[in-house]
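The structure under discussion appears below in the form of C-alpha cells.
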Amino acid sequence: FFKQKTAYEIGVRLVGSEMCIRDSSGPMREFLNSPDPTEAAALAGVHRRVARGLGLLATLDVGVRPEVSEEPVILAANHRSMADLFLAAAIFSEWGWPIRPLVAGSYFDRPGIGGLLRRLRCIPVRGSEALDIATEVMADGWSVAVMPEGRVVPEAEWAPTGVGTARPGVGRLALARGRPVVAIGVSGTERFWPRGRNLPRISPWRRFPLRIRHEVLGVMVGDQPSVALEEIMAGITRCIAATESPSELFD
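The sequence shown begins at 1 in the working numbering and counts up by one.
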C-alpha cells in the first residue's frame, strides 16, 4: 500500500538525520541475561537516530519505561500505521532498551526498505518459522516486539474496541518461552501516517502528537494460546484507552 522508494526515503531521513529536537535516549538497560553489549549498543545507535528524525515530525509521549527485572521480554502493541515501526525504534531509544521487532517477511525482499529493516535488526515473519526464530533470538537475551494484529488495521475494524483481529502467534510464543509480556497501546500514528497513504502528513507549523502507554502483564500461564492471546489483547486495549484518558495506566 505504499511505494517502495517513498518508504525507503522516509526511512533514510529518519535513520540518517543528525538533527535533533531533543536527545532523550535513556541509559542502556542491562540485565543478567542481556544480549551481547556490542551488538546491543550498535542497535541502540540506530534507534537513537530514528528517534532524532521522528522528533522533527512528531512529539513523543512514551511515559515511564516498563519495570521488569530481567530479559528477555515480549512486548506486544497495536498496529494502525506504517509509522509504528519508526515509533517503536524511538520508544526503545527513550527507554534505553534495544529491542528487536517482528516484521512481515515480504518487506525484507523490497529494495531499500529491506535494508532499513535489517539495520533495525528486525526479525522477518514468514509463516510459523517466525516463532522459531524469535525463540532463538530470545535465547540470546534479546527482547522482542510483536504486533499481534499482523497488519496495519483499517480504522473501521479497530474503532469499536481499539484493536483489530489478532493472530495467535504471540500467545504461542508467550507460553512457549515463559517470559514476561508487556502490553503497549499506541495512539496518534493513524493520524500522522494514515493507512493507505504513501507519505506521512508533514506540517511545517506543528508536529503530530504520538502517545504510548504500557502495562506489564507478567508471565502468561496455562496451556491455551488463545487464552493467553485474549489476555494480551485486553492489556493492549487498556493501554490504548489510557493514551486518551486523564488517568494514566502504567505497571
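Just so you know, even glycine gets a beta-carbon here, dropped at the ideal spot from N, CA and C.
Can you tell me which of the three DSSP states residue i falls into?
i	result
T6	With a pLDDT of only 46 at T6, under the threshold of 50, the placement of this residue in the model should not be trusted; the figure read from the coordinates follows. T6 falls in the helix class under three-state DSSP.
S262	Because residue 262 is not part of the residues shown, which for the chain are 1 to 251, the question remains open.
S93	helix
R191	helix
L57	coil
V12	Note that V12 scores 44 on pLDDT, short of 50, meaning its location in the model is unreliable; the coordinates nonetheless yield the value given after this. Reduced to three states, the DSSP call for V12 is helix.
G63	coil
R179	coil
P37	helix
G185	strand
R80	coil
R22	Low confidence applies to R22: its pLDDT is 39, below 50, so where it sits in the model is not reliable, and the reading given next is rough at best. Coil, per DSSP.
L32	In this predicted model, L32 has a pLDDT of only 49, less than 50, meaning its place in the structure is not dependable; the value taken from the coordinates is given anyway. Residue state, collapsed to three classes: coil.
Tell whether a beta-carbon distance below 8 Å holds between residue i and residue j.
i	j	result
R172	V73	no
E94	L60	yes
V50	F86	yes
G235	A183	yes
G185	A228	no
P101	I133	no
R80	V152	yes
V216	E70	no
E157	G150	no
V181	A88	no
L120	F108	no
L131	G96	no
Under 8 Å by Cβ, that's how I've got residue i and residue j pegged, so tell me the actual separation to the nearest angstrom.
i	j	result
P154	A166	The pair is not a contact, with the Cβ atoms about 15 Å apart (cut-off 8 Å).
P200	A83	6 Å
G63	R213	5 Å
M220	A174	4 Å
R126	G105	4 Å
A58	R207	5 Å
L43	P98	4 Å
R177	M138	6 Å
R162	I240	According to the sequence provided, residue 162 is Gly. The question's Arg does not apply to it. Right, their Cβ atoms sit about 4 Å apart.
When every heavy atom of the ligand NAD is checked, does at least one fall within less than 7 Å of the C-beta of residue i?
i	result
F108	No copy of the ligand NAD occurs in the structure displayed, which carries no ligand at all.
What are the complete alpha helix (DSSP H) segments, minimum 4 residues, inside the segment 105-166? 113-119, 129-139 and 155-158
Closer than 8 Å is the cut-off here; do at least three beta carbon pairs connect the segment 187-194 with the segment 137-144? no
Length at least 3, wholly inside the segment 198-237: the beta strand (DSSP E) runs in chain order: For the beta strand (DSSP E) assignment, the uninterrupted runs of no fewer than 3 residues enclosed by the segment 198-237 are, from N- to C-terminal side, 208-219.
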